[in-house]
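Working notes, structure below.
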Amino acid sequence: MIDLTIHSKTLKKNIAYCRKKGITLPTFGMMKNPDTVPVKIKDQLKSIGLWDVHSANLYRITWNNESKDFGGLFG
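Per the working numbering, the very first residue in the sequence shown carries number 227; after that it's consecutive.
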């Protein structure tokens, strides 16, 4: 069985790292309904390739992906 224990020290460390690097993560709600993704992120995705290693690509993990190699948002 997977251990889903939240380790607060590690969580705080990861939050600090993401803030420092400007990394944001989509919520489950955003993955379910991509219309709720902020316009700033959608605009950013237009200039990021589908296979680029970029944290903004995490917002493309939805049930509505637009299958384009470059500039795709949500279908």
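Note that beta-carbon positions come from the ideal geometry of N, C-alpha and C, so glycine has one too. No experiment lies behind these values; they were computed from the predicted model shown.
Straight-line gap, residue i to residue j (C-alpha atoms, nearest Å)
i, j, result
"LEU271", "ARG286", "8 Å"
"THR231", "THR253", "19 Å"
"ILE228", "LEU237", "18 Å"
"ASP269", "LYS235", "34 Å"
"MET256", "ALA242", "22 Å"
"HIS233", "CYS244", "17 Å"
"ILE267", "LYS239", "24 Å"
"SER273", "HIS280", "11 Å"
CA nearest to the CA of residue i, picked from the options
i, options, result
"VAL263", "LEU276, ALA282 and ILE274", "ALA282"
"LYS258", "LEU284, LEU276 and ASP229", "LEU284"
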